[in-house]
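Residue numbers (full-length UniProt numbering): 1 to 356.
Reviewing the structure listed below.
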């Protein structure tokens, strides 16, 4: 893989400002690759350059989205710059979901979620990435979990938002069929992404994503990914058994989100020593979009707990964030972040609710 040109900054005396500017410049410099896999061509977007002896951050998006719609808000968040400059970031678009994708012909056999998980080895081999920290949302969280179960030695950590590890039961299947009689595919996708309260409130975020889904030029491709998600198999996770996620895992869900119960159940099936559970208040169905600052803080402590990023970097980031919060008069949140800083990260397996 051809590497991006390194950005050197010599005219800034403040190390934090220099680091943030360098990270922003690297984010602008993106590389796109179309990679052949056993289950179709996937488009991969690379931000930054590989760091020796560090895993790549690899993302996988949810249904009705591409990597930009799903992750741009998070990875362009100011405080995320201090983190991502320490890693190369790899965004995978599921086949046919990327911007400008060709429309699949009628009758095209789209990959199952299990097969999508098996596209990841081809990506890692092509890019020469020995290991990853995965960040997945919804269907993408399932794909990364399935991949980790099959290839545990290549995954150092997982951040899974809105994961549902269970196959649809008969009641779920019947409800889905009945809903399909009265609702369109875009409406069902929207109900998957956002809570009923968010949809009825018709917030700016909901309107933005509703418009994006309704006006998608590749809506038929989006529907194929949606169908694969609704045909997923049970992950059969078992706490204390061999069939479980053995790397550090951060489970994230919004308060009153559509998948809250499923994530709670997933937490009960994972090793409490390796797993942290974060329920985020006031974040709805897409915490990475509605509350990128909270998720950035959680991810910061997650990678610190894995032994990456020097504590001095963490201190600078925390000091910058706390100062910003103080200037906004948000003292209660500042106290919450200060308490988190003392312990490094939330105790694994615990239920944590972040409030403002």
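The C-beta atom is built at its ideal place from N, Cα and C for all residues, glycine as well.
Predicted, not measured: the structure shown is a model, and the values here were computed from it.
- The way I'd put it, the region 153–169 does touch the region 236–252; three or more beta-carbon pairs between them come closer than 8 Å.
- Excluding the 5 residues flanking it on each side, residue 120 has same chain C-beta neighbours closer than 6 Å at 147, in chain order.
- Beta-bridge partners assigned by DSSP to residue 93: 43.
- Here residue 91 is not near residue 37, since their CB atoms are 8 Å or more apart.
- Collapsing the DSSP output to three states places residue 300 in a helix.
- The region 97–113 and the region 58–74 touch, with three or more beta-carbon pairs separated by less than 8 Å.
- The DSSP-derived three-state label of residue 201 is helix.
- Here residue 106 is exposed: its Cβ has fewer than 16 other Cβ atoms, across all protein chains shown, within 10 Å.
- Excluding sequence positions up to five before and after residue 113, its CB lies within less than 7 Å of the CB of 139, 142, 143, 146, 228, 229, 232, all in the same chain and listed in chain order.
- Rounded to whole angstroms, the separation of the alpha carbons of residue 108 and residue 126 is 26 Å.
- Only residues of its own chain outside the window of five on either side were considered, and among them 57, 59, 159 have a CB closer than 7 Å to the CB of residue 135, listed in chain order.
- Between the alpha carbons of residue 267 and residue 207 lies a distance of about 31 Å.
- Within the region 76–137, the beta strand (DSSP E) runs of at least 3 residues that lie entirely inside it are, in chain order, 89–93, 132–137.
- With contacts defined as CB atoms closer than 8 Å, residue 308 and residue 86 qualify as a contacting pair.
- Here residue 259 is buried. Its C-beta has 16 or more other C-beta atoms within 10 Å.
- Cβ contact annotation for residue 302 (same chain, cutoff 6 Å, sequence separation greater than five): 250, in chain order.
- Restricting attention to alpha helix (DSSP H) runs no shorter than 4 residues, the region 247–288 encloses them at 260–268, ordered along the chain.
- Counting the other Cβ atoms within 10 Å of the Cβ of residue 211 gives fewer than 16, which makes it exposed.
- Beta bridge pairing from DSSP links residue 157 with 133.
- Inter-residue distance for residue 221 and residue 189 is about 13 Å (C-alpha atoms, whole angstroms).
- One thing to note: residue 42 has its Cβ no nearer than 8 Å to the Cβ of residue 137.
- For residue 53, the closest alpha carbon among the candidates 236, 110, 118, 132 is that of 132.
- Residue nearest to residue 269 within the set 296, 195, 300, 237 is 237 (criterion: CA-CA distance).
- Annotation: residue 148 is outside any beta strand (DSSP E); the continuous alpha helix (DSSP H) that includes it extends over 139–150.
- Under the three-state reduction of DSSP, residue 34 is assigned to strand.
- In this structure residue 284 touches residue 257 by the C-beta definition: roughly 6 Å separates them, less than 8 Å.
- Assigned with DSSP and collapsed to three states, residue 194 falls in coil, not helix or strand.
- DSSP places residue 58 in the uninterrupted beta strand (DSSP E) bounded by 56–60.
- Straight across, the Cα-Cα distance linking residue 297 with residue 40 is about 36 Å.
- Residue 162 counts as buried, since at least 16 other C-beta atoms from the protein chains shown sit within 10 angstroms of its C-beta.
- A straight-line Cα-Cα distance of about 42 Å links residue 203 and residue 240.
- Where residue 228 is concerned, the enclosing alpha helix (DSSP H) starts and stops at 219–230.
- The Cβ atoms of residue 288 and residue 73 lie closer than 8 Å to each other.
- In the same chain as residue 51, and ignoring 5 residues on each side of it, the C-beta atoms closer than 7 Å to its own belong to 86, 87, 88, in chain order.
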